[in-house]
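K.L.:
For the sequence shown, the numbering used here assigns the number 6 to the initial residue and increments by one for each residue that follows. Note that beta-carbon positions come from the ideal geometry of N, C-alpha and C, so glycine has one too. It should be emphasised that the depicted structure is a prediction, and the values quoted were computed from it without experimental measurement. Take this structure first; my questions come after.
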Amino acid sequence: MAELPTSAEVVGYIEELKNWDRWGPDDQRGTLNFITPEHRVAAARLVTEGRTVSCARDLVTAYGSPDNCAQMYWVNTGEGVAHKEPSVPPTALGFGNLGSAVEFFGLVFHGINVTHIDALAHLFWKGKLYNDRPAGLMTAEHGALWASVMQMSDGIVGRGVLMDVSRAEGAEVLEPGRAVTPEDLEATAAKQGVTVGPGDIVLLRTGRWHKGSSATGSTTEYEDAHDHARWGQVAGWHQACMPWLRDRDVAAIGSDGPQETIPPKYLDALDATVHVMALNSMGMPLIDNCDLEALGAVCAELGRWEFQFIISPLRVVGGSGSPVNPIAVF
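The following block contains the structure:
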């Protein structure tokens, strides 16, 4: 087993992995620059079956749901409208016989339940956003004035690679709190017969949303009871994976969790997170809380773990991210 980095080495990654000024001082796209037109064309050639697979979780709006993260109320409904009535009052649904359903919908998508993408503006470190801009450019009035989700407004289309670590190890679900290491990624890639290269979007499946999974629990190692209630235990990337991903010029990463291993493995370096290294240092977007169960099943069925991958964030002016429904196309 390869030796894992010390806490000091992990903290050092924050500086060592920086891509600041790699694409010039005014760059706001970060590693998405690795996805070239040629890369998109090559990804399109992976479509041979005509099959599409969603990698998003359902947005649950029912009050009291464990995933209760969205607010929805109805402005117009069809309740109380008898079928025998010849017309519908215009104040209820529409005009004459016409009716309509209208709702308000809102949510806080950052966190550990909603499938979403983090723009580079989502996180700042020591008062700085990606590429050496002041954190004050994330404003209350206008939102993000630097590296917002609008940098992704034309969508993200490229080659997706699923690293199905749980299936490669013969397990349905990785143990909650497991930290996936570069050694695990290498073993999974070898078993699947795939390589990871420039411009790829790499997805980590831990089995978090498998029907037999339990993503919550307790531990005596991490003593923040409030965080236990909010986060539970979740498998994710070990920080040692970040140099591995940077060496391969990966464009973005996603996971069926929030990327982080929870509880954290470095209690004396709690702020040296995957989010800091990816978003702030490397300029690499994150796709959090994907549902990769269907994707894993299709990959296993077809015997291939590469596909065209499409992400279409909402064009939220000043947004630090967006809920998304990522689509794998075979």
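1. When the Cα of V154 is compared with those of A333, S327, I332, which residue comes out closest?
2. Skipping 5 residues on each side, what residues in its chain have a beta carbon closer than 6 Å to that of G204?
3. May I have the straight-line CA-CA distance separating V65 from G308, to the nearest angstrom?
4. Does the beta carbon of G212 sit closer than 8 Å to a beta carbon anywhere in chain C?
5. Got a sec? Which residues, its chain only, sit under 6 Å from G111 by beta carbon, not counting five neighbours each side?
6. For I315, collect the residues of the same chain with a Cβ closer than 6 Å to its Cβ; drop the 5 residues on either side in sequence, then sort them by chain order.
7. Just curious, the beta strand (DSSP E) that L209 is in, first and last residue?
8. Taking V107 as the reference, which of G132, A299, V80 has the closest Cα?
9. Closer than 8 Å is the cut-off here; do at least three beta carbon pairs connect the segment 270-278 with the segment 21-38?
10. Taking C-beta to C-beta, are Q244 and Y78 nearer than 8 Å?
11. Can the beta-carbon of E265 be found closer than 8 Å to that of H215?
12. Just checking my contact of S12 with A274 at CB under 8 Å: how many whole Å lie between their CB atoms?
13. Is it buried or exposed, A230, if we count other Cβ atoms within 10 angstroms and call 16 or more buried?
14. Just how far apart, CA to CA, sit V336 and A299?
15. Just the C-alpha distance for A192 and D169, rounded to the nearest angstrom, thanks.
16. Does the distance from the CB of R251 to the CB of L22 come in under 8 Å?
P.N.:
With the given structure in hand:
1. Within the sequence shown, the letter at position 149 stands for residue 154. The option with the nearest alpha carbon to V154 is S327.
2. Working through the sequence shown from its first residue, we reach residue 204 at position 199. Excluding sequence neighbours, G204 sits near F39, I40, H44, G163, A256.
3. Here residue 65 corresponds to residue number 60 of the sequence shown, with the count starting at 1. Here residue 308 corresponds to residue number 303 of the sequence shown, with the count starting at 1. Straight-line Cα distance between these residues: approximately 32 Å.
4. Here there is only one protein chain, and chain C is not present.
5. In the sequence shown, counting from the first residue as 1, residue 111 sits at position 106. For G111, where only same-chain residues beyond five positions count, the Cβ hits under 6 Å are Q76.
6. One-based indexing of the sequence shown puts residue 315 at position 310. Counting only Cβ-Cβ distances below 6 Å, and skipping sequence neighbours, we find V162, I332.
7. Here the question's residue 209 lines up with position 204 in the sequence shown. Counting along the chain, the beta strand (DSSP E) containing L209 begins and ends at 206-210.
8. Counting from one through the sequence shown, the residue named residue 107 turns up at place 102. Answer by Cα proximity: V80.
9. no
10. One-based indexing of the sequence shown puts residue 244 at position 239. One-based indexing of the sequence shown puts residue 78 at position 73. Contact flag unset, no.
11. As a position in the sequence shown, residue 265 is number 260, starting the count at 1. As a position in the sequence shown, residue 215 is number 210, starting the count at 1. No, they are not a contact pair.
12. As a working mapping, residue 12 is identified with position 7 in the sequence shown. As a working mapping, residue 274 is identified with position 269 in the sequence shown. Their Cβ separation, rounded to whole angstroms, is 4 Å, which keeps S12 and A274 in contact under 8 Å.
13. Sequence index remark: in the sequence shown, residue 230 carries index 225 (1-based). With a pLDDT of only 39 at A230, under 50, the local geometry of the prediction cannot be trusted, and no value is derived from it.
14. The structure shown does not extend to residue 336, since the chain is modelled only from 6 through 335, so no value can be given for it.
15. Mapped onto the sequence shown, residue 192 falls at position 187. Mapped onto the sequence shown, residue 169 falls at position 164. Rounded to the nearest angstrom, the two C-alpha atoms are 10 Å apart.
16. Translated into the one-based positions of the sequence shown, residue 251 becomes position 246. Translated into the one-based positions of the sequence shown, residue 22 becomes position 17. A contact, by the Cβ cut-off of 8 Å.
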